[in-house]
Amino acid sequence: MKNNKNSHATIHYAGNDLFIGITPSGHAQVLETNSERASATTPMELLLLGLGGCTAVDVVSILEKKRVKVIDYRIEVRGHRHGEHPRRFTRMDVHHILRGSGLKEKEVARAIELSETKYCSVAATLRPGVEIVSTFEITEEAQGG
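240 is the number that this note's numbering gives to position 114 of the sequence shown; each next residue is one higher, with no gaps.
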């Protein structure tokens, strides 16, 4: 995908509360609006994935540049929604879970901070309307194991 300033997505109604989204890079994504059927991702779920994916890419890139060995990494994103329509997210909790060799709290915290404040365009888009709170945990992997 070209790194354009503008992006163009297309959403096609497929009937029966289903939509097909075509991303600017040409990938198809089925969207669901019937929460009881839950046969596909909802637009609000995509926001959670978007934030988690954006910050994950940043954090891994930053740690790799510091030659930090990450063996396993996952992010859990929990969204808190307003009770009344439009039921927007008011807060997203982003919990980073890392396992590796020689991971230092200070380096991980700095990588997350840089993602949040400088690099993650999804977080920048969501703020200031959504409070984003990040936490992390590290599990040290024994050398050679």
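Backbone N, C-alpha and C fix where the C-beta goes; we use that ideal spot for every residue, glycine too.
Assign residue i to one of three DSSP states: helix, strand, or coil.
i: Ala140; result: strand
i: Ile238; result: helix
i: Val248; result: helix
i: Gly178; result: helix
i: Ser260; result: strand
i: Ser187; result: helix
i: Thr243; result: helix
i: Glu233; result: helix
Rounding to the nearest angstrom, what Cα-Cα distance links residue i and residue j in this structure?
i: Glu233; j: Tyr139; result: 45 Å
i: Cys180; j: Arg225; result: 19 Å
i: Glu242; j: Asn142; result: 38 Å
i: Ile137; j: Lys230; result: 43 Å
i: Gln155; j: Gly228; result: 38 Å
i: Ala235; j: Ile201; result: 14 Å
i: Thr168; j: Val203; result: 15 Å
i: Thr251; j: Gly178; result: 13 Å
i: Tyr199; j: Ala249; result: 19 Å
i: Arg193; j: His211; result: 46 Å
i: Arg214; j: Ala268; result: 43 Å
i: Val183; j: Arg253; result: 19 Å
Using 8 Å for Cβ pairs, my map puts residue i next to residue j. What's the rounded Cβ distance?
i: Ser165; j: Glu158; result: 6 Å
i: Gly209; j: Leu174; result: The Cβ separation is near 18 Å, so there is no contact.
i: Leu144; j: Ile188; result: About 38 Å separates the two Cβ atoms, so there is no contact after all.
The ligand NAD heavy atoms versus the CB of residue i: any closer than 7 Å?
i: His221; result: Among the ligands in the structure shown, none appear at all, so the ligand NAD cannot be discussed.
Open item on the list: Any contact between the segment 214 to 224 and the segment 257 to 270? By contact I mean 3 or more CB pairs, one from each, below 8 Å.
Closed with: They touch, by the three-pair rule.
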